[in-house]
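Heads up: the sequence shown begins at 42 in my numbering, then just goes up one per residue. Cβ atoms here follow ideal geometry from the backbone N, Cα and C, with glycine treated the same way. Okay, structure first, notes after.
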Amino acid sequence: MRIIGNIIWIIFGGLIMAIVWLLAGILCCITIIGIPLGLQAFKMAQLVFWPFGKSVDYSGMGTGSVILNILWILIFGWGLALGSAVLGLVYCITVIGIPFGLQWLKFAKLALFPFGAQIIDIQ
42 MRIIGNIIWI IFGGLIMAIV WLLAGILCCI TIIGIPLGLQ AFKMAQLVFW
92 PFGKSVDYSG MGTGSVILNI LWILIFGWGL ALGSAVLGLV YCITVIGIPF
142 GLQWLKFAKL ALFPFGAQII DIQ
């Protein structure tokens with residue numbers, strides 16, 4: 042089921058979103074100051090490209106991660122999380138869209154708190 046869900050996800054926008062996040066990460070990594078932001082964009086691209094069968098672990102957050110997440114929320118995170126949450130709720134309106142809506146909600150949480158989060162495979 043994960044493979045089928047991921048294939049459908051890629052066809053209906055996942056590939057485009059992953060490419061956008063990769064490009065955003067590359068642009069952020071042009072400057073030294075932007076490298077941490079670029080690394081978080083690469084993390085989001087990884088989750089957006091193949092979301093089914095993956096989970097996000099937030100247990101590794103330390104003080105530095107919390108401070109960086111607060112700055113991220115103020116600059117980028119609130120808009121990214123809001124957009125993803127709205128998409129998630131729209132997809133959840135239909136029964137067929139619920140699995141995809143849940144993936145968008147998972148992405149909304151990562152878009153809010155990317156520093157210190159790790160993407161793990163669910164077995």
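Cutoff 8 Å; reference Pro140; Cβ partners in own chain excluding five residues on either side: Within the same chain, and ignoring the five residues on either side of Pro140 in sequence, the residues whose Cβ sits closer than 8 Å to its Cβ are Gly46 and Phe93.
Rounded distance between the beta-carbons of Tyr132 and Gly138, thought under 8 Å: By a beta-carbon distance limit of 8 Å, Gly138 contacts Tyr132. Their separation comes to about 4 Å.
C-beta atoms of Cys69 and Leu63 nearer than 8 Å: No. Outside cutoff.
Gln164 classed as buried or exposed, judged by whether at least 16 other C-beta atoms fall within 10 angstroms: Counting C-beta atoms within 10 angstroms of its own C-beta, Gln164 has fewer than 16 neighbours from the protein chains shown and is therefore classed as exposed.
Endpoints, the alpha helix (DSSP H) within which Ile160 is located: Taken as a continuous stretch (DSSP letters only), Ile160 belongs to no alpha helix (DSSP H), being part of the beta strand (DSSP E) at Gln159 to Asp162.
Member of Lys95, Asn110 and Phe148 whose CA lies at the smallest distance from the CA of Ile44: The closest CA to that of Ile44, considering only Lys95, Asn110 and Phe148, is found on Lys95.
Nearest-angstrom beta carbon gap, Gly157 and Ser106 [assumed within contact, 8 Å]: That belief holds up - the Cβ atoms of Ser106 and Gly157 are roughly 3 Å apart, short of 8 Å.
Nearest to Ile52 (by Cα), restricted to the options Ile67, Trp91, Ile74 and Leu151: The shortest C-alpha separation from Ile52 is found at Trp91.
Cβ separation of Asn146 and Val97, assumed to be a contact under 8 Å, to the nearest whole Å: One point to set straight first is that residue 146 is Leu, not Asn, in the sequence displayed. Contact doesn't hold; Cβ gap of about 11 Å is too wide.
Val127 classed as buried or exposed, judged by whether at least 16 other C-beta atoms fall within 10 angstroms: Residue environment analysis places Val127 among the exposed positions, since fewer than 16 neighbouring C-beta atoms fall within 10 angstroms of its C-beta.
Where Val136 falls: helix, strand or coil (DSSP): Of the three classes helix, strand and coil, the one that applies to Val136 here is coil, per DSSP.
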